[in-house]
Structures are given as C-alpha cells and as structure tokens.
Ligand SMILES: [Zn+2]
Ligand SMILES: [Zn+2]
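Numbering (the working numbering), first residue to last: 67 to 519.
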C-alpha cells in the first residue's frame, strides 16, 4: 500500500480545502482576541565543553567519538554536540526577539553524547547547572519550565523511580522557577506540574521512566507512580477549569524516521496514549524533544476524530552520527497560543545555517518558517493539523516536501523522502497507537526507510 492509499477517498473529500493549500493572504488572517500568548521552546542543548578548533579534526570534540570533524567552525560541526558559543548565540538571539515571550519550556538533554566513562553524576549535575544559569543570565525575568532528558542522568537513560542526587540537584537549580509543590514531586520522581499563568497548567513528565534503555523501570507498570499522579493532576485541572500543556523529553507515538518503533516502550506508549485521549478535553497541546528533528503528530480517537495537537521541536545541537544521511541545523522556536482557551495558533521556527555561520564567522539566526503561512493553515488546532497531514498524501502535493525539509531544519533540500520513507513519516504523524499504526504501514515489517535520490 502506497502513501496515497492510506485513507479512503471519502476522508479526503471530507476535507476539500486540503486541495487548495495556497497560503491565506494577510488580510484574511484571523483576529484572535484577547492577544495571543507566546512561549519559547528550547531542547537538546547537549553542551560539549571539549569542543575547540584543533589541527587534528579527530580531536575537535569528544562527542564525534574519533570521527574527523573536518568542517568544524566557531559555531560547531555536524559531527559534534554544541559548543558553548552556539548555545550563547541562540539565547542572545532569542532575548532580542519581540514581542516578548511569557515563559520558556526547556525539554532537557544538557550533557554531550559521549561514552559513560567520560562523565559522572557530578559532571552531569555541573552541565545542568551551567545550562540553567546560562538561561537565567539571558532571561532573568522569564519563568522557565524544564523537563529532564535521558542524557540528564548518569549513566545516561537510567532514571530511578525514587529520589536521587540528580532529581535533588535539579530541584535546587530550578527553585528560582518552580514552587514548593512542584519541587517536591521533582525531587521524588523527576516530574511536576505548575500554573504558568491563571488557567494554564504546565505538566512536566519524566518520560525517561518509560524509555526502553532504562533498566531501573523495565518491569514496572507505573514507575514512580507517575501515571497515578498524572491522572489525579488532570482530574484536578478539569475540576479547576484549567487547561494543560504536556511537556516532556521523549515523545509519545512512533519514530517518524524508522518503521514500527515507538519512542518509549510500546506498553507505556499504549497507556499514555489512552490517558491523553481520555483527558484531551483538558489538554491544550503537547510539546516534546529528543528526536532532534522537527515533526508533528495528531492524536486521533478510534473513529479518526482529531483530539490533540502534538509538537516535537528540533534540537539546538547539530550532531549526527557519521553514517546518518542527514542532520538538523541548530534550532529553537516560539509558539503562539490563544489567550483564553490556550490552543496552539502558530509556530515561529528559528534556525542557524551552520555551514554559512562558520564560513562568515557570524551567527545570523533567521526565521525558517511561520507554520500557518508555510502550509496555509488558520491555526494549529487538531482539526487544522489533521487537514495538513491528510494533504501530505495527495498526489502532486508539495506540502509533504516542505514538511520534510523542515524535519531536517533545512539541512539539505536535495534529500527527498518518498515511498517507504514517506509512509513511515505520514503514519507516524497520524497514528500513535499500535493497532492504527500497524494498519497504516500495512504490516510491511521493520526496515530503514531513508530514500536518498
Ligand atoms: Zn538529545
Ligand atoms: Zn534525548
């Protein structure tokens, strides 16, 4: 079954405006009252403090693991994690953008990709401290809502289900941003919730507890009691007429660049997806990191009705493995959300063309795209994202090529994603549970699906 066969014709005909994907002219732009809110999303900073311009390209950064970083420049290299100069330059640019944001979400992964022997618990804490303080220096007045990543532990991925030196250190370092109740659950299980503004609650989950490589939680049906806590938190939010932003490092759903692989363990994915369906009336949006790429998902109910918009933000670090066909340019983004119902309205995606920045020795961060303009959408509510995702499957639609270029943060427009690659991408956008995803990919089995034309 090819990508265009994913949906029967009646589904496409029910969304006739996907056939007219021309961007709306500015005068037709919707007026949102009250003023939209704004927040920054940064993720996967992965600071490599060893990065330096060495004569021997294999010695530029520990994170290249001996591979030659032959294009290394002052802002980094695609085989290395972020030099400090790259992170500072990103924060400096963010702090100059107007209108100002209300708050920042930061979805984890401060340490570099290096073998466990190169780090230690105290070094991981030092890296989280460095990134927290750098952020506070650049944004002294903005609240920050962090989430822990799989690299924010030593050894990496091995997050425990009870209190430990890292959860305690995070609670100390983030005390200027979080209230006592949030700090107490953070200290015990690495998760918390807090009001970001009246009526809007941020729920920061520790999804590393559900991550495959975490041996500490392998046979645990509710690690750290986070499910029980999450349902109670969402019940309370419902009663208090609040809306919730779910933030976490490892996303729910299927990896868009692989076939049949969930980002967290499959049974945990099924459980989380069912909780998120049950509480979709109170959840205004989901915001994740970890894959380092720019992607989205639409949570559908079993009848195909759109319930929630889910966003995965690309990384600040540009690192890729030697044999990976592509990477991502360094990136961060701003979300616009409705001022009273808190639904997502738009993304302003920023990026640094790393090759150009190194050549010019100057970091010109630019807006890569504005989501509603790029795809002719009126907002980023679930119905709009579903229409966009369905348009990916239409013959001659260029929306998918644009989406895939954004997926790599404009790393290389000559790389195309078709056939199996496109099928994996589109099924991952639309189907988050095992049954629906399996039907979508048509039982083709596990295979890598990079199509390099
Ligand atoms: Zn990462
Ligand atoms: Zn990660």
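The beta-carbon is built from N, C-alpha and C at its ideal position, and this holds for glycine as well. Note that the structure is predicted; figures quoted are calculated from it, not measured.
Residue environment, residue i, which counts as buried when at least 16 other CB atoms sit within 10 Å
i           : result
residue 318 : buried
residue 347 : exposed
residue 334 : buried
residue 308 : buried
residue 445 : buried
residue 322 : buried
residue 325 : buried
residue 462 : exposed
residue 383 : buried
residue 302 : exposed
residue 426 : exposed
residue 93  : Only weak support exists for where residue 93 lies, its pLDDT of 49 falling under 50; the coordinates are left without a value.
Residue i beta carbon near ligand 1 (any heavy atom closer than 7 Å)
i           : result
residue 110 : yes
residue 358 : yes
residue 138 : no
residue 381 : yes
Residue i Cβ short of 7 Å to ligand 2 heavy atom set
i          : result
residue 38 : Because the chain is modelled from 67 through 519, residue 38 falls outside the range shown and cannot be assessed.
Closest Cα partner of residue i within the set the options
i           : options               : result
residue 103 : 226, 409, 202 and 489 : 409
residue 241 : 229, 258, 149 and 227 : 258
residue 406 : 169, 350, 434 and 299 : 350
residue 435 : 454, 468 and 452      : 468
residue 260 : 298, 250 and 245      : 245
residue 127 : 171, 173, 179 and 167 : 179
residue 27  : 220, 199 and 159      : The requested residue 27 is not part of the displayed model; the chain covers only 67 to 519.
residue 487 : 458, 476 and 502      : 458
residue 250 : 263, 262 and 236      : 236
residue 386 : 120, 125 and 134      : 134
residue 502 : 106, 370 and 491      : 370
residue 187 : 431, 231, 477 and 456 : 231
residue 159 : 429, 392 and 437      : 429
Residue i versus residue j: straight-line alpha-carbon distance, rounded
i           : j           : result
residue 480 : residue 507 : 25 Å
residue 146 : residue 100 : 43 Å
residue 247 : residue 345 : 22 Å
residue 114 : residue 156 : 15 Å
residue 376 : residue 203 : 30 Å
residue 297 : residue 413 : 29 Å
residue 424 : residue 108 : 22 Å
residue 360 : residue 285 : 31 Å
residue 525 : residue 305 : Nothing in the structure corresponds to residue 525, since the chain is present only between 67 and 519.
residue 223 : residue 290 : 15 Å
residue 161 : residue 182 : 34 Å
Cβ shell of residue i (< 6 Å), same chain only, five flanking positions each side left out
i           : result
residue 449 : 372
residue 136 : 123
residue 226 : 282
residue 316 : 273, 277, 329, 330 and 356
residue 271 : 257 and 314
Neighbourhood of residue i by C-beta, 8 Å cutoff - its chain only, sequence neighbours within 5 removed
i           : result
residue 294 : 288
residue 339 : 318, 319, 365, 498 and 499
Sequence-distant residues of the same chain with beta carbon closer than 7 Å to residue i, five excluded per side
i           : result
residue 300 : 310, 345 and 348
residue 542 : The first residue shown for the chain is 67 and the last is 519, placing residue 542 beyond what the model contains.
Test: residue i CB closer than 8 Å to a CB of chain D
i           : result
residue 309 : No chain D is present in this structure, which holds just one protein chain.
Please list, in chain order, all residues with a C-beta atom less than 6 Å from at least one heavy atom of ligand 3.
Here the bound small molecules are ligand 1 and ligand 2; ligand 3 is not part of this structure.
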